[in-house]
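Report on one structure; see the data block that follows.
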Amino acid sequence: MKLAFALEQGPLSRAQLVAGSVQDSQEISWVQVVDHPDIESWVEEGHLLLSTGYNWPKDTLEAYKLVQALSAKRIAGIVLAVPHFLEHFPEKSLEAANALGMPLLEIPWEVPFSEITQFVHREIVDQQGRALAQSEQIHRELTEAAISGQSLQNVAHVLGRVLDRTVLIISVSGGVLGSSTLKPEDEAAFPIGDETAGQKILESLPGAQAQLNSDLKSLPIRTKAMLLTDGDPTPLAVYVARVGEDQVGYIAVCEDATPLSALVIRAMEHAGTVVALQISHQRELMLQEARLGYALVASLIEGHFEASPRAFERAQLLGWNAIAKYHLCTVLLDEPNPLSRDGFAKRESFAQQVRHNIARQGFTPLMSLSANQIHILLPEQVDPEVFWSNFLPTRMAMGVSQLHSGVDGMTTSGKEAAELVEHLKPGRVHRYAEMLFPRVLAGDPVARKEFLNRILTHLESGNSKQNLLETVLALTKEGFYLQKSAERLGVHISTLRYRVERLQTLTGLNLETADGQFRLQLAAHLYLSNLA
């Protein structure tokens, strides 16, 4: 029990502090009554010594040395019954006590020592009983949280409530996994996933990995971190949650003005086990879900998806919407094939970053891994350039398909992304539409076919289509001179102008620019080459 509490309650409340000081941290472990010579041999750390003064040295030097010796034993304090054998503590004892901070107390002779020992020992036993009951409660509630599969936010609430302290559970990267604050309004400062407070805690820990591995393995480490924008840095005790030798998270408990007791430390150890189990379980679930998601995305973009009601239901449960539009983003890692062990680790690390980024935006991550490529189905609402900016600077590259929906659309996306891969340049984003023309010029047969389809296939059918095709060939043959083209076609120039406007609308080309004329001329050349 605390010495300060003992002096406020029961028979010791009649004692008067005459030297030294009473600290909040001073604990009484036992009451010892000793009145024979060699007193210091009969006491241990935490003992409260009761003395009648019968054998207390009268010699000034001995009185000084005795207090020194008892202080060295780290006893809680000395209580002298007065007046009887001594009127008061000798001056030299007071001098030594003041120098060492050892509490010296004088209590009226008529207060029986038996009452003091009975009160203190009963209170110690009661406190131990309450601590045991609280320990049982903590054990029960944390165990229930573990076996019921509650979230880490609930685990933080359980620990915060039973300890009556602010508690943060953070990941190894600093993201908040759960929080519980004494003031409900403060909890908004620690949103799930936010890394602001967690990073400050991690930065405050010792930098040496060896110290983290040793000090945090069994005991909390004391630190201070600025958790809130106002006020002073908060004293914290940080305990590591481990799976085997791997650190998987941290539990930070605010110490406030009261230092942590053995009970709190045991609770943190138990909570560390629960947190490690929860994180391990969540990782396993995420890995299983990721594998299912990988298989889904791979089947969609490779054209192997079985379009059955049951398959659609499974796909929907995994987060894919057959109606929604997606870009297929193929990330080419800066790693050669086949991947090395380090390459596999980098791929998984980047995939984890992608999952977190998409999840933070409120969407289900849909992706698959293949050699040194990561395929991501990015919802229409997410801008690919903005998405990619979260990972810059990098030597990786990303190709982006056009927007597609449905099973056939996903297969088309896969083909578009596959055609882009060999044209990707490190650190850049390449869209399929933007890369089509450079691929045509490079002689890519697939790109040439796609380009020709885009330019000529969209022309109107029937006689109108034939007229427009003839117009394209005439314009390119005559160098886009309207008068000569009209004469070649045998039509009035106003009719030709109408056809040119129609061509621009259907092809999306501006035929008044050199670039538009060049693209149409190339399309005409490819068309004639196919006929030959």
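Numbering (our numbering), first residue to last: 140 to 671. Where is the CB? At the ideal position from N, CA and C, for every residue including glycine. Since this is a predicted model, take the numbers as computed values, not measurements.
Gln-266 versus Glu-324, Ala-401 and Glu-441, residue with shortest Cα-Cα distance
Counting from 1 along the sequence shown, the entry for residue 266 is found at position 127. With distances taken between Cα atoms, Gln-266 lies closest to Ala-401.
Does DSSP classify Ser-152 as helix, strand or coil?
If you number the sequence shown from 1, residue 152 lands on position 13. Residue state, collapsed to three classes: helix.
Give every residue of the same chain whose Cβ lies closer than 6 Å to the Cβ of Ser-668, excluding the five residues on either side of it in the sequence, and list them in chain order.
The count along the sequence shown starts at 1 and reaches residue 668 at position 529. So no residue of the chain qualifies.
Own chain, CB closer than 7 Å to Pro-176, minus 5 neighbours either side, in chain order
If you number the sequence shown from 1, residue 176 lands on position 37. So the qualifying residues of the chain are Asn-194.
What is the DSSP secondary structure of Gly-383, reduced to helix, strand or coil?
The count along the sequence shown starts at 1 and reaches residue 383 at position 244. Looking at Gly-383 - three-state DSSP - the assignment turns out to be coil, as it is neither helix nor strand.
Local conformation of His-175 per DSSP, three classes:
Translated into the one-based positions of the sequence shown, residue 175 becomes position 36. Here His-175 sits in coil by DSSP.
What three-state label does DSSP hand Arg-570 in the structure shown?
Residue 570 sits at position 431 when you count from the first residue of the sequence shown. Reduced to three states, the DSSP call for Arg-570 is strand.
Please state if the CB of Val-470 and the CB of Met-535 are separated by a distance shorter than 7 Å.
Stepping through the sequence shown from its first residue, residue 535 is reached at position 396. Stepping through the sequence shown from its first residue, residue 470 is reached at position 331. It is a contact, given that the beta carbons lie within the stated cut-off.
Would you mind working out which of Gly-566, Met-549 and Ile-515 sits nearest Phe-444, comparing C-alpha positions?
Mapped onto the sequence shown, residue 444 falls at position 305. Here the closest residue by C-alpha is Met-549.
Is it a yes or a no for the stretch 445–465 touching the stretch 319–332, going by three-plus beta-carbon pairs under 8 Å?
no
For Leu-516, the residue or residues it bridges with in DSSP:
On the sequence shown, position 377 is the one that residue 516 refers to. According to DSSP, which records beta bridges pairwise, Leu-516 is partnered with Leu-467.
Which first and last residues belong to the alpha helix (DSSP H) in which Arg-593 is found?
Along the sequence shown, read from residue 1 onward, the residue named residue 593 stands at position 454. Counting along the chain, Arg-593 falls outside any alpha helix (DSSP H), and DSSP gives it neither H nor E.
Indicate the three-state DSSP secondary structure (helix, strand or coil) for Pro-374 in the structure shown.
By one-based count along the sequence shown, residue 374 stands at place 235. Strand, per DSSP.
To the nearest whole angstrom, what separates the beta carbons of Ala-248 and Pro-229, a pair I think is in contact under 8 Å?
As a position in the sequence shown, residue 248 is number 109, starting the count at 1. As a position in the sequence shown, residue 229 is number 90, starting the count at 1. Here residue 248 turns out to be Trp, not Ala, going by the sequence shown. Incorrect: roughly 17 Å between the Cβ atoms, too far for contact.
Looking at the unbroken beta strand (DSSP E) that takes in Leu-316, where does it start and where does it end?
Walking along the sequence shown from the start, residue 316 turns up at place 177. Start and end: 315–319.
Contact check, His-186 vs Gln-171, beta carbons under 7 Å:
Taking the sequence shown and counting its residues from 1, the one referred to as residue 186 is at position 47. Taking the sequence shown and counting its residues from 1, the one referred to as residue 171 is at position 32. Result yes, Cβ atoms of His-186 and Gln-171 sit closer than 7 Å.
Report the residue from Val-173, Tyr-465 and Arg-636 whose alpha carbon sits nearest the alpha carbon of Glu-651.
For the purposes of this step, residue 651 is taken as residue 512 along the sequence shown, with counting starting at 1. Of the candidates Val-173, Tyr-465 and Arg-636, the one whose C-alpha sits nearest the C-alpha of Glu-651 is Arg-636.
Within this structure, are the beta carbons of Leu-467 and Ser-528 separated by less than 7 Å?
Locating residue 467 in the sequence shown gives position 328, where the first residue counts as 1. Locating residue 528 in the sequence shown gives position 389, where the first residue counts as 1. For Leu-467 and Ser-528, no; Cβs fall outside 7 Å.
Compute the Euclidean distance between the alpha carbons of Tyr-571 and His-664, then round it to the nearest angstrom.
Sequence index remark: in the sequence shown, residue 571 carries index 432 (1-based). Sequence index remark: in the sequence shown, residue 664 carries index 525 (1-based). Taking the straight line joining both Cα atoms gives about 23 Å.
Note down, in chain order, each residue of its chain lying with its Cβ closer than 7 Å to the Cβ of Ala-145, except the 5 sequence neighbours on either side.
For the purposes of this step, residue 145 is taken as residue 6 along the sequence shown, with counting starting at 1. For Ala-145, where only same-chain residues beyond five positions count, the Cβ hits under 7 Å are Leu-151, Ile-167 and Val-259.
Measure the alpha-carbon distance for Pro-359 versus Ile-178 and round it to whole angstroms.
Against the sequence shown, residue 359 aligns to sequence position 220. Against the sequence shown, residue 178 aligns to sequence position 39. For Pro-359 and Ile-178, the distance between alpha carbons rounds to 37 Å.
For Val-311, three-class secondary structure by DSSP
Your numbering for residue 311 matches position 172 in the sequence shown. In this structure, Val-311 counts as coil in the three-state DSSP scheme.
Tell me, please, which residues DSSP counts as bridged to Thr-362.
For the purposes of this step, residue 362 is identified with residue 223 of the sequence shown, where counting begins at 1. According to DSSP, Thr-362 bridges with Leu-375.
With Ser-253 as the anchor, note down where its alpha helix (DSSP H) starts and where it stops.
Numbered from 1 along the sequence shown, position 114 holds the residue referred to as residue 253. Run containing Ser-253: 252–286, per the alpha helix (DSSP H) assignment.
Only counting the same chain, and skipping five residues up and downstream in sequence, which positions put a Cβ closer than 7 Å to that of Ser-624?
Counting from 1 along the sequence shown, the entry for residue 624 is found at position 485. Closer than 7 Å at the Cβ level, and outside the excluded window around Ser-624, lie Ala-613, Leu-614, Glu-617 and Leu-635.
Give me whichever residues DSSP pairs with His-186 in a beta bridge.
Reading the sequence shown from its first residue, position 47 is the one you call residue 186. His-186 is bridged to Trp-169.
Any contact between the stretch 231–251 and the stretch 192–206? By contact I mean 3 or more CB pairs, one from each, below 8 Å.
yes
So is Ala-327 buried or exposed if we call it buried at 16+ other beta carbons inside 10 Å?
Taking the sequence shown and counting its residues from 1, the one referred to as residue 327 is at position 188. By the 10 Å Cβ count, Ala-327 comes out exposed.
Where does His-543 land, buried or exposed, given buried means 16+ other C-beta within 10 angstroms?
Translated into the one-based positions of the sequence shown, residue 543 becomes position 404. By the neighbour-count rule (16 or more Cβ atoms within 10 Å), His-543 is buried.
Proximity winner among Leu-659, Pro-523, Val-579 and Gln-622, relative to Leu-608 (alpha-carbon distances)
The count along the sequence shown starts at 1 and reaches residue 608 at position 469. Nearest option by C-alpha distance: Leu-659.
So what does DSSP say about Met-535, is it helix, strand or coil?
Counting from one through the sequence shown, the residue named residue 535 turns up at place 396. Met-535: coil per DSSP, three-state reduction.
Counting only beta-carbon atoms, is Leu-209 nearer than 7 Å to chain D?
Among the protein chains of the structure shown there is no chain D, as only one such chain exists.
Can you grab the Cα-Cα spacing for the pair Pro-477 / Leu-645, in whole Å?
Counted from its first residue, the sequence shown places residue 477 at position 338. Counted from its first residue, the sequence shown places residue 645 at position 506. Going from the Cα of Pro-477 to the Cα of Leu-645 covers about 45 Å.
Extent of the continuous beta strand (DSSP E) run through Glu-147:
Here the question's residue 147 lines up with position 8 in the sequence shown. Segment 142–147 is the alpha helix (DSSP H) holding Glu-147; no beta strand (DSSP E) there.
Report yes if the CB atom of Asp-163 is closer than 7 Å to the CB atom of Thr-191, and no otherwise.
The residue you call residue 163 lines up with position 24 of the sequence shown. The residue you call residue 191 lines up with position 52 of the sequence shown. Not in contact: Asp-163 and Thr-191 (Cβ atoms no closer than 7 Å).
Quick one: what's Val-221 bridged to in DSSP?
The count along the sequence shown starts at 1 and reaches residue 221 at position 82. In the DSSP output, where bridge partners are listed per residue, Val-221 has Pro-247.
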